[in-house]
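> The sequence shown maps to residues 380 to 559 in our numbering.
Handing you this structure, nothing more for now.
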Amino acid sequence: MEEDIAKVLISREELSRRVAELGAEITHDYEGKSVLALGILKGSVLFMADLIREIKLPLAYDFMALSSYGASTQSSGVVRILKDLDRSVEDVHILIIEDIVDTGLTLKYLKENLTARNPLSVKVVTLLDKATRRQVDVFPDYNGFTIPDEFVVGYGLDFNEGYRNLPYVGVLKQETYEVN
Ligand code: 5GP
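So, in structure tokens, the structure goes:
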């Protein structure tokens, strides 16, 4: 597995330090409120597990699953809800937890979809932001790291369901995912 990684982009220590900072910032901004942490399956799971333990507020969590790249590394632009929330989100502060914002198509769809359900607020925290790839006008409220346009895996992010358990974020060697 590790032999497929071209380089470590964000180390375990850097992840842990930044996640603690994000948690403190969110705790401060939402003072006096309770939060619904909404993890987007499956990539955000490791980030979410670490982040919510750094958020010192009353907090519930739930998950949604959206259609993603599948076996390819290119966005199709088509978003489908594969798993929806378990409950109504009226009168709830929703904090969407994403692994990575790339074109922004997924996030734009999701924010519009959730806003239509009349929550008190909808904000987004993403671990990674490939800001140069953005195709639509949507921005995370909290961002762990802005990264270059390279395909990354680890700390929850996959390629073909693999590599999610790497404790760091790394760049996959191109020959691993390029079809010849
Ligand atoms: P967007 O709709 O912003 O283009 O795509 C967001 C989704 O694309 C992410 O939640 C993630 O599933 C996938 N994605 C985008 N870039 C990468 C990447 O570099 N590595 C991995 N593993 N997934 C990515």
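All C-beta atoms, glycine included, are put in the ideal place defined by N, C-alpha and C.
The model shown is predicted, which means the values in this text are computed figures rather than measured ones.
#1: Check each candidate in 536, 541, 496 and 473 and name the one with the smallest Cα separation from residue 347.
#2: Please report the Cβ distance between residue 480 and residue 519, rounded to the nearest whole angstrom; I am assuming they are in contact, meaning their Cβ atoms lie under 8 Å.
#3: Let me know the secondary structure DSSP gives residue 547 once reduced to three states.
#4: Quick one: residues in its chain with C-beta nearer than 7 Å to the C-beta of residue 464, no 5 flanking neighbours on either side, listed in chain order?
#5: Can you name the start and end residues of the beta strand (DSSP E) that residue 438 belongs to?
#6: Cutting at 7 Å between CB atoms, please list the residues of its own chain near residue 470, excluding the five before and the five after it.
#7: Is the separation between the beta-carbon of residue 414 and that of residue 547 shorter than 7 Å?
#8: Hey, would you say the C-beta of residue 576 is under 6 Å away from at least one heavy atom of ligand 1?
#9: Looking at the secondary structure, which residues open and close the alpha helix (DSSP H) in which residue 426 lies?
#10: What separation, rounded to the nearest whole angstrom, lies between the Cα atoms of residue 382 and residue 412?
#11: Skipping 5 residues on each side, what residues in its chain have a beta carbon closer than 8 Å to that of residue 401?
#12: What number of angstroms, rounded off, separates the C-alpha of residue 483 from the C-alpha of residue 421?
#13: How is residue 403 classed by DSSP in three states: helix, strand or coil?
#14: Give a single yes or no on whether residue 530 has its beta carbon closer than 6 Å to a heavy atom of ligand 1.
#15: Under the DSSP definition of a beta bridge, which residues are partnered with residue 508?
Walking through what the data contain:
#1: The question about residue 347 has no answer here: the residues shown for the chain are numbered 380 through 559.
#2: Here residue 480 is taken as the residue at index 101 of the sequence shown, counted from 1. Here residue 519 is taken as the residue at index 140 of the sequence shown, counted from 1. Contact between residue 480 and residue 519 holds: CB atoms are separated by about 6 Å, below the 8 Å threshold.
#3: What you label residue 547 is simply residue 168 of the sequence shown in a count that begins at 1. Residue 547: coil per DSSP, three-state reduction.
#4: As a working mapping, residue 464 is identified with position 85 in the sequence shown. So the qualifying residues of the chain are 441 and 443.
#5: Stepping through the sequence shown from its first residue, residue 438 is reached at position 59. Counting along the chain, the beta strand (DSSP E) containing residue 438 begins and ends at 438-445.
#6: As a working mapping, residue 470 is identified with position 91 in the sequence shown. 499, listed in sequence order.
#7: Within the sequence shown, residue 414 is the residue found at index 35, counting from 1. Within the sequence shown, residue 547 is the residue found at index 168, counting from 1. Not in contact: residue 414 and residue 547 (Cβ atoms no closer than 7 Å).
#8: The requested residue 576 does not occur in the structure, where the chain is confined to residues 380 to 559.
#9: Here the question's residue 426 lines up with position 47 in the sequence shown. That run of the alpha helix (DSSP H) goes 424-431.
#10: Position 3 of the sequence shown, counted from the start, is the residue given in the question as residue 382. Position 33 of the sequence shown, counted from the start, is the residue given in the question as residue 412. Cα to Cα, the separation comes out at about 45 Å.
#11: Along the sequence shown, read from residue 1 onward, the residue named residue 401 stands at position 22. Cβ within range, chain order: 430, 433, 504, 521 and 523.
#12: By one-based count along the sequence shown, residue 483 stands at place 104. By one-based count along the sequence shown, residue 421 stands at place 42. Computed Cα separation, rounded: 17 Å.
#13: For the purposes of this step, residue 403 is identified with residue 24 of the sequence shown, where counting begins at 1. Helix at residue 403.
#14: Here the question's residue 530 lines up with position 151 in the sequence shown. Result yes, Cβ under 6 Å from ligand 1.
#15: As a working note, residue 508 is residue 129 in the sequence shown. As computed with DSSP, residue 508 is found in a beta bridge with 480 and 525.
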